[in-house]
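As structure tokens, the structure follows; a few thoughts come after it.
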Amino acid sequence: MSEVSRRPRLSKLVIKNFRAIGSIPVEIELDDIVVLVGPNNVGKSSILRAYEVVMSDGSKEGQLNLDDFPNSIVNPDALPEIELHTIVYENLPAEKWIDKSTGENLIRERWIWSAPGKPKRNGYDNVIQDWAETGMPWGAANVANSRRPLPHKVDAFSNPEVQSKAIVDLLSAIINDRVKSFRTLENAEGGELTEFQKLLEQVKNIQSTIIEESKDEIKKAEEGISELLSGVFPNYAVTFDARPEEDLEKNINLFKAGAKLLMGPTEGYQSTIDRQGSGARRTLLWAALRYISDTKSQNERPHVLLLDEPELCLHPSAVREACKVLYDLPTSGNWQVMVTTHSPLFIDVSRDNTTIIRVERIEGEIKETTVFRPNKVQLEEDDRQRLKLLNICDPYVTEFFFGGHSIIVEGDTEYTAFKYIMSLNPDLFKDVHIIRARGKATIVSLIKILNHFNSRYSVLHDSDYPFLQNGNRNSAWNINQSILDAVYEHADVSKVRLIANLKNFEAAYLSREVSGEKPYNALMDLMEDRVIFNNVKSLLESLIDHTLATPEGCLEWEDITTLKAHYEDWEIANAQ
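So the sequence shown is numbered by the numbering used here: it starts at 1 and just counts up by one.
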């Protein structure tokens, strides 16, 4: 197994009866990057909060209020429950807590709140194949917390003090990690110790000296306690093991607990970041994350960034850079990222480490749907390159991940025509997404993603023509078969409507074909010719409602031979 795959990490989060999430469990399969999308008030932020809560076990932050219970009622049949699956490789718990069936060390833990306040934590016993009544992996909460990835949560609307603390804690944790990971000075002969290593040696010597000086008192205490103990347990004794050299690094804090981060002009007054504006605080957060992603860490402690609506308060020019920071972060070391967003700019399907999960309310219950996972969509390298270029040209192309009925179109002309018609009646078309492929081959890549949704969608493409004027085969015609093959990969092909414009969109519906300014020409035709407008509107409606008839100029097809015959008939009928 590669070093990357052996990194400790979160594997799954299962939540039910927590805040807006009801009795049907919400299961989040975790990847390097998890993007949660969906409408407001459907539980996305609650998912982030769930991991923070269980990682705060043993502290006040790990306690729930009555408002965290469903409908603010304590129902014994619907108690808040959070289950966490973690992959670990070091500091393993007892053997019975470890599931090795996947080839890795999987630990399952569960927290249940029977009342507001502290939860009960237990572990999954792989010997009895059930949740243990007593006992838990790693025992005490603080020990267990140290074995899991460390969370760093930044809420969308935290007050300045809370947001400031989150940024300072994030930087402090990383700086501590980096300093403690340096064992020797770089380029020093003989591996000279760093000041931190010298400090450890000094502390170790001081502790050993104190233990040596106190050995008589320790021996007296051992004998006294052993004598009292022997009255109940004969031949038992107590020995005090000071273990002065164990976990020295964990006992040393390099920075004050009240460390501050100041910000301001280099030649002027610098104030604490809680006194900066929202935009400045968010920008500082991204600067901190950029630093982390650009510098590799040798420390083994994994981290999880929980970020609510990262697009808030960012200048438009900074959004794309922020997205790159997030996606690059896991490559810097032991990082996973979970974000909620309403912005398609934070979705990049060309990456191979991203899971996109849509969270929505269906018949009163919160439900999650994994709408994109690279190993399930099975994109080829050509697909990734096409999607990467498409994302550069049109950063809003991924709007279809947020729900609604999707229609894939080939180019700018039909996209412009449909958008114009939709703008005249926005309420009628409010849940429709027009996906502009900007190229016929890219349609195939987009179909692969939509098939993964297992939902209804439509495809509109140009048929083109089988042969070029010089008699050679037309490569654009051959893509028709690739599009058809991709559609038939859908689990239920009846959910897909595939329509071809005979020759192309302009020839099929507009007054004339032009070589340039095609979108503008389409707009002029739609505004000036009512017949053309109604014909194109009818086409759009048939792409939304699969039961409606298609207008003249196109063909709903499922066989390349039939498409070829209809194109040839159309060509004869429209010969000049």
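Backbone N, C-alpha and C fix where the C-beta goes; we use that ideal spot for every residue, glycine too. These numbers were taken from a predicted model, which means no experiment stands behind them.
Continuous alpha helix (DSSP H) stretch holding residue i: start and end
i      : result
Trp570 : 560-573
His452 : 440-453
Pro151 : Segment 150-154 is the beta strand (DSSP E) holding Pro151; no alpha helix (DSSP H) there.
Arg384 : 381-393
Asp485 : 475-487
Ile421 : 412-424
Leu48  : 44-55
Phe578 : In the structure as shown, the chain begins at 1 and stops at 576. Residue 578 is therefore absent and cannot be evaluated.
Same chain only: Cβ atoms within 7 Å of residue i, ignoring 5 sequence neighbours per side
i      : result
Gln481 : Ile560
Leu581 : No statement about residue 581 is possible, as the shown extent of the chain runs from 1 to 576 and does not include it.
Pro151 : Tyr51, Glu52, Met55, Val304, Leu306
Leu92  : Ile98, Asn105
His546 : Arg497
Ser538 : Pro551
Ala115 : Val74
Lys388 : Ser350
Residue i Cβ short of 6 Å to the ligand HEM heavy atom set
i      : result
Val154 : No copy of the ligand HEM appears in this structure; indeed no ligand is present at all.
Anticipated Cβ contact below 8 Å, residue i with residue j, distance rounded
i      : j      : result
Thr102 : Leu10  : Wrong, their Cβ atoms sit about 14 Å apart, outside the cutoff.
Asn451 : Pro8   : In fact, because the Cβ distance is near 34 Å, the residues do not count as touching under 8 Å.
Val42  : Arg361 : 5 Å
His433 : Ser406 : 5 Å
Ile499 : Leu543 : 7 Å
Nearest neighbour of residue i, chosen from the options [CA to CA]
i      : options                        : result
Val459 : Gly117, Leu284, Arg386, Thr550 : Thr550
Thr413 : Leu484, Val536, Gln469, Tyr291 : Val536
Cys554 : Leu548, Arg512, Asn504, Glu513 : Asn504
Trp113 : Leu539, Ala78, Phe453          : Ala78
Phe429 : Ser214, Leu540, Asp57, Ser208  : Leu540
Ser72  : Phe18, Ala318, Gly403          : Phe18
Leu526 : Ile392, Glu227, Ser515, Ser511 : Ser511
Pro330 : Pro316, Glu311, Asp352         : Asp352
Arg301 : Trp557, His490, Lys44, Gln336  : Gln336
Ser45  : Ile366, Gly58, Phe372, His566  : Ile366
Ile435 : Leu446, Ala221, Trp131, Val487 : Leu446
Asp31  : Ile21, Pro25, Asn40, Lys12     : Lys12
Gly364 : Val14, Ile15, Ala20, Glu90     : Ala20
Tyr327 : His315, Asp529, Thr355, Trp477 : Thr355
Lys16  : Ser59, Phe69, Gly268, Asp57    : Phe69
Gly58  : Asn145, Arg456, Val371         : Asn145
Asp464 : Gly471, Lys564, Pro80, Leu200  : Lys564
Under the three-state DSSP convention, the category residue i falls into
i      : result
Ser101 : coil
Thr341 : coil
Trp113 : coil
Leu92  : coil
Val371 : strand
Glu530 : Per the sequence shown, the amino acid found at residue 530 is Arg instead of Glu. Three-state result, Arg530: helix.
Thr398 : helix
Lys120 : strand
Tyr327 : helix
Val74  : coil
Phe18  : strand
Glu365 : strand
Asn544 : Note on residue identity: the sequence assigns Ile, not Asn, to residue 544. Correct three-state label for Ile544: helix.
Glu267 : coil
Phe467 : strand
Ile347 : coil
Arg301 : coil
Asn187 : Confidence at Asn187 is low in this model, with a pLDDT of 45, below 50, so its placement is unreliable and the value that follows should be read with caution. Coil, per DSSP.
Gln336 : strand
6 Å Cβ shell around residue i - same chain, five flanking residues per side excluded
i      : result
Ala188 : With a pLDDT of 48 at Ala188, under the threshold of 50, the predicted position of this residue should be treated as unreliable, and no value is reported.
Arg148 : Thr86
Pro344 : Tyr396, Thr398, Glu399
Ala237 : Ser226
Trp570 : Leu502
Tyr509 : Asn535, Val536, Gly553
Element boundaries [beta strand (DSSP E), containing residue i]
i      : result
Glu83  : 81-87
Lys495 : It is not in any beta strand (DSSP E) - Lys495 carries neither H nor E in the DSSP assignment.
Thr354 : 354-362
Ile28  : 26-29
Ser458 : 457-462
Leu555 : 554-556
Ile128 : Note, Ile128: premise wrong, no beta strand (DSSP E); not H, not E.
Arg436 : 432-436
Val34  : 33-37
Ser406 : 405-409
Close Cβ partners of residue i (< 8 Å) along its chain, the five nearest in sequence each way excluded
i      : result
Asn391 : Asp348, Val349, Ser350, Val397, Thr398
Glu311 : Val319, Ala322, Thr341, His342, Ser343, Leu345, Phe346
Arg473 : Pro466, Phe467
Cutoff 7 Å: residue i Cβ touching any chain D Cβ
i      : result
His342 : Absent from the structure: chain D. Only one protein chain is present.
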